[in-house]
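Scroll down for the structure; my scribbles are underneath it.
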Amino acid sequence: MILKWIFDRVAAFCGLLLIGWMFPLVAILIKIKMPGGPVFFSQKRVGKDGKLFTCHKFRTMVVVHSGSSVSVAGDARITPFGAKLRHYKVDELPGLWDVLIGNMSFVGPRPDVPGYADKLEGDDRVILKLRPGITGPATLKYRLEDEMIAEFVDNIKSGQCDNLEQISNLPDFSKMQNQEIAVWYNDNVIYPDKVRLNCFYYHHYSFIKDIQMILSTIFSKKMKYAGEWI
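For what it's worth, this note's numbering labels the leading residue of the sequence shown as 216, then goes sequentially.
This is the structure we're talking about:
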């Protein structure tokens, strides 16, 4: 993947030169719209070969909060301005720096928090051989993940439980809080599907597909991958 390595650094450097002007603008807006906290959100994530690195994003949540790493649209922890940054993926722009210094790639699996990466077993652990990506097949399929989880929670609360026939031992959702339902849906439906897509990416790597995924991300278009539209 030498071509991928070279492309990442050249493209990240050019990207920072081209859109670097946006960083101070977004930083000022964050200070105005979300005062009392840092501009950037930094967190330890699992990188290539399972090594931890510091991932950088623009902050989208209130400073003091408690809760899981799973968020949904309308989550009280996410500020109104932060929701806009998330929807248009502007919060991901600082990831260009992570790509430039070699901690991330433009395309690859999203960098997981340690608790999720630890769940990978057997052949699924090949994912850890990849550098985490700003975008990727799983990221494209779940580009509106917050909204998808929120919709699932709403459907469960209204008595709809479609497309879960393949999962055994469903919990009693009526006894669960919204956040608990969101975490269950992420852990039992979304996350396993992301692992499947990321494993496919590892075993069927294509630089051309990388370029397609980057363009699909930039222009918010779907593309055919692994036999489905993502």
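We put the beta carbon where it would ideally sit given N, CA and C, even for glycine.
Since the model is a prediction, treat every value here as computed from it, not as a measurement.
Rounded to the nearest angstrom, how far is the Cβ of Asn413 from that of Ala353, given a contact under 8 Å? 6 Å
Could you tell me which residues DSSP puts in a beta bridge with Ile364? Per DSSP, none; premise fails for Ile364.
Tell me the DSSP secondary structure of Glu443 in three-state form. strand
Who does Arg447 pair with in a DSSP beta bridge? Examination of residue 447 is not possible in this model, given that the chain is present from 216 through 445 alone.
Within the continuous alpha helix (DSSP H) that includes Val254, where are the two ends? First-last for Val254: undefined, no H or E at that position.
Taking 8 Å as the cut-off, is the beta-carbon of Gly348 closer than that to any non-hydrogen atom of the ligand SAH? Among the components of this structure there are no ligands whatsoever, and the ligand SAH is therefore not found.
Whole-Å CB distance - Trp444 paired with Lys437, under 8 Å assumed: 5 Å
Pick from Phe268, Leu244, Asp327, Ala242 that is closest to Lys409, judged by C-alpha positions: Asp327
Within a Cβ cutoff of 8 Å, which residues of the same chain sit near Gly310, ignoring the five residues on either side of it in sequence? Cys270, His271, Lys272, Met319, Ile349
Mind checking whether Ala441 and Phe422 have CB atoms under 9 Å apart? no
Going by the beta-carbon positions, is the gap between Ile245 and Phe296 smaller than 9 Å? yes
Going by C-alpha to C-alpha distance, which of Phe434, Ala365, Asp264, Leu385 sits closest to Leu355? Phe434
With DSSP as the reference, please indicate the residues paired to Ser196 in a beta bridge. There is no way to answer for residue 196, as the model of the chain reaches only from 216 to 445.
Between the C-alpha atoms of Leu430 and Lys390, what's the straight-line distance to the nearest angstrom? 43 Å
Proximity winner among Val279, Lys263, Asp338, Phe228, relative to Pro253 (alpha-carbon distances): Val279
Candidates His418, Glu360, Met216, Glu380: closest to Asn401 by CA position: Glu360
Where Val305 falls: helix, strand or coil (DSSP): Of the three classes helix, strand and coil, the one that applies to Val305 here is helix, per DSSP.
Once the 5 residues before and after Tyr159 are set aside, which same chain residues still bring their CB inside 6 Å of it? The structure shown does not extend to residue 159, since the chain spans only 216 to 445, so no value can be given for it.
Quick one: is Gly235 buried, meaning 16 or more other Cβ sit within 10 Å of its Cβ, or exposed? exposed
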